[in-house]
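S.K.:
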Amino acid sequence: MTELLAPAGDLERLKIAYLYGADACYIGGKDFSLRANAKNFSLEEIKIATEFAHSLNKKIYVTVNIVFHDKNLLNLDEYLSSLKEIGIDAVIVSDIVAVKKSYEKGLDIILSTQSSILNYRAINFWKNLNVKRFVLGRESSREDIIRIKKECNVELECFIHGAMCTSISGKCVLSNYMTNRDSNRGGCAQICRWVFKNEDENLPDFTFMSKDLNMVEYIEDMINIGVSSFKVEGRMRSIYYIATVIMCYRKIIDKINSHTLTEQDKKYYQKILNRVANRDSMPQFYHKFPSVNESYFTDRIEISNQDFLGIVLDYDEKNKLIYLEQRNYFKKGDIVEFIGPNMEPITYTINTIIDEENNNIEVARHPQMHLYLPFDTPINKYSMMRIKLFDK
Amino acid sequence: MKNKIIITINSLDELNNYLKLGINLFAYPLKGFCVGMPNTFLIEEIPSDGYLFINRILDNESIDKLNDILNNIKIKGIIFDDLGVLELIKNKDIEKILYLSHFNSNLESIKLYLEYVDSLIVSTDITKEELININNNLKNKLTIFILGYVPSMYSRRLLIDNYSKFYNIPKNNPLKIMNNQKEFLLYENDYGTMFYHVPLFNGLELMNLEAKYYFINSAFLNSDDIQKLLANKYEGSYDRGFLDTETIYKLKEDNSD
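Sequences listed follow chains F and V, in order. Per our numbering, residue 7 is the first one in the first sequence, and the count goes up by one each step. Per our numbering, residue 26 is the first one in the second sequence, and the count goes up by one each step.
1) Can you tell me whether N257 (chain V) is buried or exposed, with buried defined as 16 or more other CB within 10 angstroms of its CB?
2) Which parts of the stretch 52-96 of chain V are runs of the beta strand (DSSP E), unbroken and 3 residues or longer, counting only runs that do not cross its ends?
3) Helix, strand or coil: which one does DSSP assign to H222 (chain V)?
4) When you compare only the Cα positions, how much space is there between I229 (chain F) and T8 (chain F)?
5) Verify the CB distance criterion: does F220 (chain V) have a CB-CB separation below 8 Å to chain F?
6) For the beta strand (DSSP E) that contains R392 (chain F), what are its first and last residues?
7) Just tell me which of V:D93, V:L83, V:F220, V:Y43 has its CA closest to the CA of C178 (chain F).
8) What are the residues of the stretch 198-212 of chain V that lie near chain B, defined by any Cβ-Cβ distance shorter than 9 Å?
9) According to a CB-to-CB cut-off of less than 7 Å, which residues of the stretch 103-137 of chain F neighbour chain V?
10) Can you list, in chain order, the residues of the stretch 176-203 of chain F whose Cβ is nearer than 9 Å to any Cβ on chain V?
11) Do you know offhand how far L234 (chain V)'s Cα is from N134 (chain F)'s?
12) Return the chain-ordered list of same chain residues with a C-beta closer than 6 Å to the C-beta of M375 (chain F), the five sequence neighbours on each side being excluded.
13) So, helix, strand or coil for R187 (chain F), using DSSP?
14) Using the C-alpha atoms, what's the distance from G261 (chain V) back to E51 (chain F)?
15) For G143 (chain F) and L117 (chain F), what's the separation of their Cα atoms in angstroms?
16) Using a Cβ-Cβ cutoff of 9 Å, what residues of the stretch 160-186 of chain V are near chain F? List them in chain order.
17) Please give the ranges of any alpha helix (DSSP H) in the stretch 168-223 of chain F, keeping only runs that are unbroken, at least 4 residues long and fully inside the region.
18) Among the candidates V:N162, V:E271, V:I104, V:N247, whose CA atom is the shortest distance from the CA of D38 (chain V)?
19) Which chain V residues are close to P296 (chain F), counting only those with a beta carbon under 8 Å from its beta carbon?
20) What does DSSP give as the partner residue(s) for K65 (chain F) in the beta ladder?
21) If you draw a straight line from the alpha carbon of K326 (chain F) to that of I359 (chain F), how long is it in whole angstroms?
22) Compare the C-alpha of K27 (chain V) against each of V:N129, V:L172, V:K115, V:E69 and name the closest.
23) Checking the sheet assignment: what are the DSSP bridge partners for Y141 (chain V)?
24) Counting only Cβ-Cβ distances shorter than 7 Å, please list the residues of the stretch 99-117 of chain V near chain F, keeping chain order.
25) Using DSSP's beta-bridge definition, name the partner residues of R19 (chain F).
26) Looking at the unbroken beta strand (DSSP E) that takes in D186 (chain V), where does it start and where does it end?
27) Count the C-beta pairs between the stretch 144-161 of chain V and the stretch 106-125 of chain V that are closer than 8 Å, then say yes if the count reaches three, no if not.
28) Taking a cut of 7 Å between CB atoms, which residues from the stretch 56-84 of chain V lie near chain F?
29) What's the C-alpha gap between Y329 (chain F) and Y354 (chain F)?
30) What number of angstroms, rounded off, separates the C-alpha of V238 (chain F) from the C-alpha of L162 (chain F)?
31) Name, please, each residue of chain V whose Cβ falls closer than 9 Å to the Cβ of D16 (chain F).
32) Taking the CB atoms as reference points, tell me whether T284 (chain V) and S243 (chain V) lie closer together than 8 Å.
33) If we cut at 8 Å on Cβ distances, does F226 (chain V) have a partner in chain F?
34) When the cut-off is 8 Å and only beta carbons count, does E230 (chain V) lie next to chain F?
35) Roughly how many angstroms separate the alpha carbons of N92 (chain V) and I100 (chain V), rounded to a whole number?
36) Is P54 (chain V) buried or exposed, if buried means 16 or more other CB atoms sit within 10 Å of its CB?
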């Protein structure tokens, strides 16, 4: 079965990802990880996360994927020993020194997309160094993936959703030059989303921002090819984004496996995924070489999404009340829906809102205020309330 | 020391000029296997005492094509980025120089790669102090980038082409772009777009370090520029890259561990 692999920037995101259908999560520690802006996990939190994952019979991978400078190596041995002791399922690495040390510690190794692999010969080099799984470059075509699988018969992890680097991953140090932050040590400032002047001032500004990746159309094909793991990008994304994306792909994969996926299903999930993203998304290198349509050429186009209205903290069976934490403005009369693990969306009209002082209120306007909503149907903890989006 | 310089070549006409300067090791960008190089060479044009320069990340079809080429030529060595190339040449009696662009930033990794190659070009993203420390442990093994435009981003996409098509304007290749007084020189071919940091990097002082080779990337320079730079008479601008400036590793300290 192909694994659905989710990003998790902290424990809350991790729990959400698993509950909404991820088979595995990848996380970063506070050191040696390429998303220095994410909250990331202390060793104690990695232990908690690992215990949580394994209690659900799911997997957890830890990124140790910076390009090391000498002084960054000082605590690496100790850190990898700790990860081994905690019992994580694998490390995601790119630097050869991290590959060697991880193997010596007995850790399973996933080679990061930072290693820019697009051919089977490169896989053979790393295979001899005991790498178990490979995250292919996002520039891999369908034919490349098929050939690599055929020649090497290794586990392949492919990105299926989320932001794209304009650069081949690992081949960009624009942040180093623009901000002095080291791209390959977690400091990427997303320079590929900045606007540059053409040296000819009469010509338009130069931008080179890629649209996001979205592989809904090709999931079945990738399963048939033998891709081992479907990876979703975005350790810094919101819980709502993670829940929505993971839930959509979970349902798509399950429906493919049960031979029940319809074109109508795909259209519906595409609409949901398009709505939750703040940028356009599409397949990129898989089926054709990307050109004008796969990039943005005007200023940064990102739409703030306020569909996520609240997260369910509990359900009071006795009084039939949903206990909810507000995340965006809503009011009486709004038609919303609840989404959650192992349930179909439930449509709900808000007729009553009760605050924590037991007052009936008209609107929920304060971020993270706690509220009660009467509802006869039990709604599980960690379910989410969102604006009613689409009918299936 | 100039006899330890390997320089990429833009034109066969330049060779005599370089030989007069005492430079006699030449790397030829191989047509179809390079990005960011404005001049490339057919395999028939490359002499047997030359180095092939291959800086593309290769797909399966390209690595197979390269294999065919390498089985039918005689050359002194190869400077390459993609580790798949290493698999093609590991049993061949040619000099192997690994140029992993932004990797090769610490002593232990470099030692590990040196188990497979004869030399490697150290990352230009480290400080002079870091470089000296690495080099002190590996005398006469490293190749040190001393001069030329430094790659700062390599995209598989045709970014200049897309830009000109979108705005329906003539395609300027190379193209110079800027933001907040930082400039980049872009060059595109069928295999992608390379961004070079502007101004060019001048680390000629690094020739004081005992290295196996010193590497000059002459893309967008000519032999006259190189001659002036080596003689310290170049009037254009240049900088020292990150030799004196350590890049930021962690954005904020977190003591919660």
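Ideal placement from N, C-alpha and C gives every residue a C-beta, glycine not left out. All values derive from a computational prediction rather than experimental measurement.
M.R.: Concretely, from the data shown:
1) exposed
2) 76-79
3) strand
4) 7 Å
5) yes
6) 390-393
7) V:F220
8) The structure shown contains no chain B; its protein chains are F and V.
9) V103, K106, S122, L124, N125, Y126, R127, A128, N130, F131
10) G176, K177, C178, V179, L180, S181, N182, Y183, M184, T185, N186, R187, D188, S189, N190, R191, G192, G193, I197, C198, W200, V201, F202, K203
11) 34 Å
12) Q332
13) strand
14) 53 Å
15) 11 Å
16) V175, P176, S177, M178, Y179, S180, R181, R182, L183, L184, I185, D186
17) 180-185
18) V:N247
19) R182
20) F:A30
21) 13 Å
22) V:L172
23) Paired residues: none, contrary to the question.
24) D107, L108, G109, L111, E112, L113
25) None; R19 (chain F) has no bridge partner.
26) No beta strand (DSSP E) holds D186 (chain V); the alpha helix (DSSP H) holding it covers 184-192.
27) yes
28) I82, L83, D84
29) 15 Å
30) 14 Å
31) Residues of chain V passing the Cβ test: none, with the nearest at roughly 12 Å.
32) In the structure as shown, chain V starts at 26 and stops at 282, and residue 284 (chain V) therefore has no counterpart that could be examined.
33) no
34) no
35) 14 Å
36) buried
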